[in-house]
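Residue numbers (our numbering): 79 to 382.
Notes to accompany the following structure.
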């Protein structure tokens with residue numbers, strides 16, 4: 079049990095991007111707008127809404143410009159998009175985004191499978207993206223995937239993720255999200271990873287992005303919380319997965335995370351009942367049951 083908890087935690091919602099990219103069919107634009115509107119209505123202020131990767135590889139997210147243009151820039155709201163290269167950044171900048179994200183893996187094999195580049199090749203491209211972003215006054219978030227393990231290489235040495243993180247921070251990324259892409263992490267492993275990053279780079283610019291494939295995401299979040307992490311990625315209803323990580327389930331469900339935090343006295347600025355409603359929208363949008371626990375059971379006061 080935690081001896082003390084922070085007053086607040088920041089929740090970074092990834093369902094419109096990380097969630098929908100893994101769906102077998104393309105969700106229509108109007109349904110994506112409906113989902114983002116429901117998330118905003120719940121009080122979520124940081125949402126990764128789109129991806130400017132090639133539509134050839136991720137057709138589910140080909141309408142990123144149209145989606146972001148529907149919302150524009152709003153005071154106190156961050157709608158971001160993945161940008162794999164300069165062309166992706168140009169597409170994002172054309173609709174006035176305030177934040178973009180770059181992404182790569184701690185595992186060389188997964189990096190090649192996911193973005194068809196080595197780690198060094200990817201970092202060279204992202205140096206160009208971050209330079210373009212700085213010139214436009216756009217913030218850049220970084221993702222490092224497969225930190226806890228790789229579906230192709232197995233265990234990954236945490237020092238590899240640390241080295242990549244340092245380079246992304248040096249480029250100017252304001253925050254780095256460390257990913258358990260296939261959901262293999264355990265609390266002891268998470269403690270070792272978080273302790274390493276706390277010693278070497280500090281945790282004020284570190285987030286955790288934990289998939290719940292084996293049901294350990296919340297346990298790992300508690301470890302991160304105890305050791306000083308204050309930003310956690312999540313996906314409403316547990317929506318998501320990774321097209322290039324066989325067997326990966328969705329991120330930790332946002333409702334499960336917020337329920338736990340609120341019950342512990344930690345503020346997120348999110349209305350849990352409205353978030354539950356957003357989960358129902360997400361389920362309707364994708365047309366299949368979603369796995370989140372609170373999504374299924376309801377909030378403490380709800381039995382539907």
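We treat Cβ as the ideally placed atom computed from N, Cα and C, and that holds for glycine.
Computed from a prediction, not measured in an experiment: that's the story for all the values here.
Between the segment 254 to 271 and the segment 288 to 303, the count of Cβ pairs shorter than 8 Å is three or higher; the stretches touch. Less than 7 Å separates the beta-carbon of residue 313 from that of residue 92. Classified as exposed, residue 134 has fewer than 16 neighbouring CB atoms from the shown chains inside 10 Å of its CB. Residues 359, 363 of the same chain have their beta carbon placed closer than 7 Å to that of residue 112, with the five preceding and five following residues left out of the count. Secondary structure of residue 291 (DSSP, three-state): coil. A Cβ-Cβ distance of about 6 Å is found for the pair residue 216 and residue 178, placing them in contact under the 8 Å criterion. If you look at residue 345, you'll find it isn't in any beta strand (DSSP E); DSSP assigns it neither H nor E.
Look at the beta carbons and you see the segment 190 to 206 not touching the segment 168 to 175: under three pairs across the two are nearer than 8 Å.
In its chain, beyond the 5 residues on either side, 92, 95, 158 have a beta carbon closer than 6 Å to the beta carbon of residue 126.
For residue 145, the enclosing alpha helix (DSSP H) begins and ends at 142 to 149.
Here residue 258 carries a strand assignment [DSSP, helix/strand/coil]. Counting only runs that start and end inside the segment 150 to 220, the alpha helix (DSSP H) elements of at least 4 residues fall at 164 to 171, 186 to 193, 197 to 214. When the beta-carbon positions are compared, residue 295 and residue 272 stay at least 7 Å from each other.
Counting along the chain, the unbroken alpha helix (DSSP H) around residue 248 starts and ends at 236 to 249. Residue 234 places its beta carbon 7 Å or farther from that of residue 176. Per the coordinates, the alpha-carbon of residue 140 lies some 27 Å from the alpha-carbon of residue 229. The DSSP-derived three-state label of residue 278 is helix. Its chain contains 303, 308, 309, 310, 339, 344, 345, 346 as the residues whose beta carbon lies nearer than 8 Å to that of residue 87, once the 5 sequence neighbours on both sides are disregarded; these appear in chain order. About 17 Å separates the beta carbons of residue 317 and residue 337, which is beyond the 8 Å limit, so they are not a contact pair. When rounded, the separation of the alpha-carbon atoms in residue 196 and residue 186 is 6 Å.
Spatial neighbours of residue 372 in its own chain (CB-CB distance under 6 Å, excluding positions within 5 residues in sequence) are listed in chain order as 333, 334, 337. Here residue 280 is exposed. Its C-beta has fewer than 16 other C-beta atoms within 10 Å. Closest by C-alpha distance to residue 220, out of 205, 226, 232, is 205. Residue 299 and residue 89 have their alpha carbons spaced roughly 12 Å apart. With contacts defined as CB atoms closer than 7 Å, residue 315 and residue 365 fail to qualify as a contacting pair. Looking at the DSSP output, residue 89 sits in a beta bridge with 310.
Under DSSP, residue 222 shares a beta bridge with 182, 256. Where residue 124 is concerned, the enclosing beta strand (DSSP E) starts and stops at 124 to 129. For residue 365, the three-state secondary structure derived from DSSP is coil. In the three-state reduction of the DSSP assignment, residue 232 falls in the strand class. Here residue 284 has 254, 256, 275, 307 as same chain residues with Cβ atoms under 7 Å from its own Cβ, once five neighbours each way along the sequence are excluded. Under the three-state reduction of DSSP, residue 120 is assigned to coil, being neither helix nor strand.
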